[in-house]
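Going down the list, the sequences are from chains R and U.
In terms of this note's numbering, the first sequence opens at residue -18 and continues consecutively.
In terms of this note's numbering, the second sequence opens at residue 343 and continues consecutively.
Right, one structure below, let's go through it.
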Amino acid sequence: MKPSSKDGIVRSLRNQLLGFFRRYQLSDQTFLIIVAVIVGFLGGLGSIFFEKLIELGQHFFFEIVPYLVGNPKWLIILIPAFGAVFLAPLIYFFPVEAKSDGVPATMEAVALKGGIIKVRTFSTRMLASAITLGSGGSAGKEGPIIQIGASIGSAVGQFFKVSGERMRVLVGCGAAAGLAAIFNAPIAGVLFALEVVLGEFNLHSFSPIVISSVVATAVSRAWLVEGAALKLPPYTLFSYWEIGFYAILGIAAGVISVCFTKALHGAEKLFHRHAPVKTHWQPILGGLVVGMIGFFFPQILGCGYAPILEAIQGNFMWNTLLALLILKIIATAFTLGSGGSGGILYPCLFMGATLGGILGFAFNLLAPGIAPSAGGYALVGMGAVLGAAVQAPMAAIMMGFELTGSYAVILPLMIACVLASLVHRRLMSHSIYTQSLVDRGIDISAAREMGVLTTLTVSDVMSLEVPKISSSLPYNEVVQLCLKGQGNYLYTTDEEDNLEGVISFQDIKEFVYDDQLNGLVFARDLANRDVVYVTPDETLASSLNKFSYIDMEELPVVGSDDGFRRLLGIITRTELMKIYRKEMLKRVMIES
Amino acid sequence: MQLAQFLDRKHVVLDLQSQERLACLEEILDRIATDGYLRNKVKALEELLEREQLATTGIGGGMAIPHVFSDEARRPLLIMARSQDGVAFDSLDDKPAHLIFVAMAPRKDKDLFINILYHLVRFLKVQENFDELMEAKDVAEALAVIAKAKDNLLSEKLKRLVKDEVQPYRVPGTGISR
C-alpha cells in the first residue's frame, strides 16, 4: 500500500522533529523561527523554480513555436491566445485556484480561513501563471509567487499541525519569502507581508517573517542567474525643489492607480457578464487583444523588466511612454480580467515607470534647471503607483529603496508614495486587492476585526461565578434567589453539577409576589431546557455568533467532554464586547 | 385564553374511587376517554408518577394538582377528578385531597403551563369555587364552575409567544376543532 507508507514517512518525520523540539524545550517563538527558516528556504527554492518555469514557457512560446511555423511576423498576435489554450483545462478543472488573483486569495485565507491554503493551490497556480506569463500575457510574476510562498508556508504549518495565530504568521513568512526572493528585496517582502497579507504589525509575527525573508533572499541570490531580478540604477536628487514635482507625480500616480483598478475590475465584470464563450475559453479572447497590442508595442508583453529599465534610462519619447502607459492598463485588464493568471505588482511598476517618464519629460521642459533627467521620476513613479494600488505605502517605499540601493531616493519616494496612496483612498475606498474581495462580498477589514475574536477563546473571558441552583429547588426559594441575585438568570443543575436548564427572571416575574405555586413548581419546571451554551475552547467569534441569534445577555460555559455538560462558568455579552474593544485598541496602537 | 379551554368535558371524573395517591392517578388516566389529547396514556401515567415521587403535589386545602411536562400531551391540558371520600395525598396539611386536577403540557408550552397552574391554584383557593365544584351534580355543572375563571391566561409577553404555537386543537378524524 503505497499511500499509507508515504503517510507513515510523513508522520514519522513529523514525530521526530516534534520530539526534537520537545527535547530541547523550545519556546513558541524559537519554534516559529526555526520553522520560518524552513519556510524561507522552501520559498526561495519555489521562487527559483517558478522563475525557471516561466523561462521555459517563454522559450517554448517565443522560440520553439515561431521556429516551427517559420517565424512569420504576425505570429505574435496569436501567441498569447495560443498560450491561453493551455490554460483552458486548468481553469476547467480547478476554476478557483487557477483564476483567482493570488494576493486577495491569500488575504482571504489569512483573515477568514485561519491561514489554511490547499496544497493544490500551489501547483495549479504555478503552472497557470507560468503559461500566462510565458506566452506573453500582460501581468506580473510577483502575485503568483506571493501566493506560492504563502501556500508553502501554510503547507509547512499544516505539516507541523500549528493553528491559529501561528499559522497566519507562517503564511506571512511564505508570502514575504516569495516576494523577497523574486525581487531581491527582503525588507519590502517583510513589509508587504505585514501590511497587505496579514494586515497588522506586531512583534510576534515580525521576527519570523524577517528571518524567512532573509533566508529566501539568500537562497535566490545564491542560485538565481544574476540580472534576472530587477536592478535599478542608483539615483540622485538634483535639487530639493524637485520634491514639489514628486508630489505632483504622487497625485498623478494615485489617479493612474485608480484607473488601473477600475479597468481591471471592469474587464473582470465584462468577461463575467458578456463574454460569448465559457469561462475556460475566455483567456483566449483576452490573449487576442493582448496579442494585437503586442504586435505594435511588444514591450507590453510578458513580465520582463527591460521596458522598465529603458523607461528609467530615458530611451522612450513621451508619446511612446503615453501609449505604453494606456496600452499596459488595457492589456493587463484583458489578460487578468479574462481569466489569465498573474499578479498586478509588475504592471503597477510598469505604469509607474512610464507615468514617471512622461511627467519627467514635462518637468524637464518646464524647469530644466531643477529637473534635469526623467529617470528619477520613472523610478519614483513605480513605487507610487504600486503603493497606491495595493494600499501599502511602506512596502512600496522600501521596495524602491532596496531596488535602487541608494538612500537619496527615500525622500521623493516617501512623498510620492504617501500622496498616491491618499489620492487612491480618496477616490475609491478599496485597494486593487480588497476591491476584488469586495466584489465577492468579503469585507477584509471586518474579517480582520473578527480575527481579534478568533484569537481569543471563551476561557480567556469567562467568569467562574455562576448563579447555579439545584433543579429540585422549590418555587419560593427560586424566587428568593432571583430577587436577591444580581443577574437575570439562574442555571439549574442536576446532582452531578451538569447543566439542565436556565431560568430567566423575565419568565417568572409575573408571579413573583404570589405564593400560589409553592409546593407545586420546582426549579426544573421553570427552566428552559433548550440552552444555547459555549465551551471553554470555543473562540469569541463563535460566541458572538451565538449571542447574535439568541436574546440573552449571557451564555453558560459548559465543559462538554465525555457526554456530560458540566457547568463551568458564564460569559456575558458586555464582557465579550469589552475585551473586543480592548484588543482592537491594542491593535490600533501598534499599527499607529 | 381561559382555564376552561384546557378542560375537555371528557376529562372530568366526578366519582373517583381510589383512596391512595398513586393508585388514584392510575384510575384517573384509566377512566378518561382515549382521544387525541394524549399520545400514549401509559407513558403519560409513568411520567406523572415519576414526578409525584419527587414530591407530593397535594398542596393542602383539600386539593392536589399532579402535573408534569410531558411530550405525551399534544397541548396543555387539565383533567379534573373529584373524590367525596378524599384521597390520601401526603398533602402539606395532612388532609385528604378532594379535588384533583391533573395538568400536563409539552415542554415547549412551559410559560403557558406555569400560568395555567398559577391561575388554577388561585381559582381553587377561593372557597366558593371549591365548594361549587364539590357540589356539582354532573359534568356540565362542573364545567360551568370552571368557566367562571375569566382571567386571561395570556400575559402580554405570552400572547406574543403563544400566538403562533397554540393553534386550536383539531380532534383527529372528526374535523372538529376546539
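Glycine residues also receive a C-beta, built at the ideal position from the N, C-alpha and C atoms.
Task: Residue of Arg101/R, Arg254/R, Leu282/R, Val91/R minimising C-alpha distance to Ile58/R - done: Leu282/R
Task: Among Ala423/U, Ile407/U, Glu392/U, Ala397/U, nearest to Val481/U - alpha-carbon criterion - done: Ala423/U
Open item on the list: Within the continuous beta strand (DSSP E) that includes Gln426/U, where are the two ends?
Closed with: 419 to 429
- [ ] Please classify His185/R: is it buried, with 16 or more other beta-carbons within 10 angstroms of its beta-carbon, or exposed?
- [x] exposed
Task: Any 3 or more C-beta pairs closer than 8 Å across the segment 117 to 129 of chain R and the segment 97 to 106 of chain R - done: yes
- [ ] Mind checking who Pro76/R pairs with in its DSSP beta bridge?
- [x] DSSP, once it has assigned bridges, lists no residue as partnering Pro76/R.
TODO: Starting from Glu170/R, follow the alpha helix (DSSP H) in both directions and report where the run begins and ends.
DONE: The question names Glu, but residue 170/R in the sequence shown is Gly. From DSSP, the alpha helix (DSSP H) with Gly170/R extends over 167 to 173.
- [ ] Per DSSP, which residues does Phe503/R bridge with? Please list them.
- [x] Pro455/R
Open item on the list: Can you check whether the C-beta of Ser453/R is within less than 9 Å of a C-beta belonging to chain U?
Closed with: yes
Task: Limits of the beta strand (DSSP E) - the one that Gly482/R falls within - done: 480 to 485
Task: Collapsed DSSP secondary structure at His40/R in the structure displayed - done: helix
- [ ] Provide the residue span of the alpha helix (DSSP H) that contains Glu522/U, from first to last.
- [x] With chain U running from 343 to 520 in the structure shown, residue 522/U is simply not present.
- [ ] Compare the C-alpha of Arg149/R against each of Gly121/R, Leu68/R, Gly118/R, Asn183/R and name the closest.
- [x] Asn183/R
Task: Inter-residue Cα distance where the pair is Val366/R and Leu306/R - done: 12 Å
Task: Cross-chain neighbours of Leu507/R in chain U, by beta carbon under 7 Å - done: Ile456
Open item on the list: Less than 9 Å between the beta carbons of Leu575/R and Ala377/R, yes or no?
Closed with: Residue 575/R is absent from the model: chain R starts at -18 and stops at 573.
Task: Test item: CB-CB of Gly324/R and Gly124/R under 9 Å - done: yes
Task: Euclidean distance between Cα positions of Ile600/R and Trp222/R - done: The structure shown does not extend to residue 600/R, since chain R spans only -18 to 573, so no value can be given for it.
- [ ] Out of Ala346/U, Ser425/U, Tyr379/U, Ile488/U, state which residue places its alpha-carbon closest to the alpha-carbon of Pro448/U.
- [x] Tyr379/U
- [ ] Indicate whether Val429/U and Glu368/U have their beta-carbon atoms separated by less than 9 Å.
- [x] no
TODO: Could you check the C-alpha separation between Arg(-5)/R and Val143/R for me, to the nearest Å?
DONE: 12 Å
Task: Contacts around Arg547/R, its chain only, beta-carbon distance under 7 Å, and the 5 residues preceding and following it disregarded - done: Asp478, Asn479, Val539, Gly540
Open item on the list: Whole angstroms are fine: how far does the CA of Ile98/R sit from the CA of Ile29/R?
Closed with: 21 Å
- [ ] Would you mind telling me which residues of chain R sit closer than 7 Å to Arg449/U, beta carbon to beta carbon, in chain order?
- [x] Arg510
Task: the segment 133 to 141 of chain R touching the segment 57 to 76 of chain R, judged by at least three CB pairs closer than 8 Å - done: no
TODO: Specify the secondary structure class of Leu471/R as computed by DSSP and reduced to three states.
DONE: strand
TODO: Could you name the residues of the same chain whose beta carbon sits closer than 6 Å to that of Leu308/R, not counting the 5 residues immediately before and after it, in chain order?
DONE: Ile274, Phe278, Ile281
- [ ] Evaluate Thr376/U with the Cβ neighbour count: other Cβ atoms within 10 Å of its Cβ, from every protein chain shown; 16 or more gives buried, anything less gives exposed.
- [x] exposed
- [ ] Just the C-alpha distance for Arg147/R and Ala69/R, rounded to the nearest angstrom, thanks.
- [x] 36 Å
TODO: Identify the contact partners of His409/U in chain R, using a Cβ-Cβ distance below 9 Å as the criterion.
DONE: Leu501, Val502, Asp506
Open item on the list: Between Gln426/U, Asp451/U, His440/U, which has its C-alpha nearest Pro408/U's C-alpha?
Closed with: His440/U
TODO: At 9 Å on the CB atoms, spell out the chain U contacts of Asp475/R, in chain order.
DONE: Result: empty, since nearest Cβ-Cβ is about 12 Å, beyond 9 Å.
Open item on the list: Taking the beta strand (DSSP E) that Arg351/U belongs to, which residues open and close that run?
Closed with: 349 to 355
Open item on the list: Runs of 3 residues minimum, wholly inside the segment 431 to 498 of chain U: which ones carry the beta strand (DSSP E) assignment?
Closed with: 439 to 447
Task: Delimiting residues of the beta strand (DSSP E) encompassing Phe411/U - done: 409 to 411
Task: Rounded straight-line distance, which links the Cα of Glu392/U to that of Lys385/U - done: 11 Å
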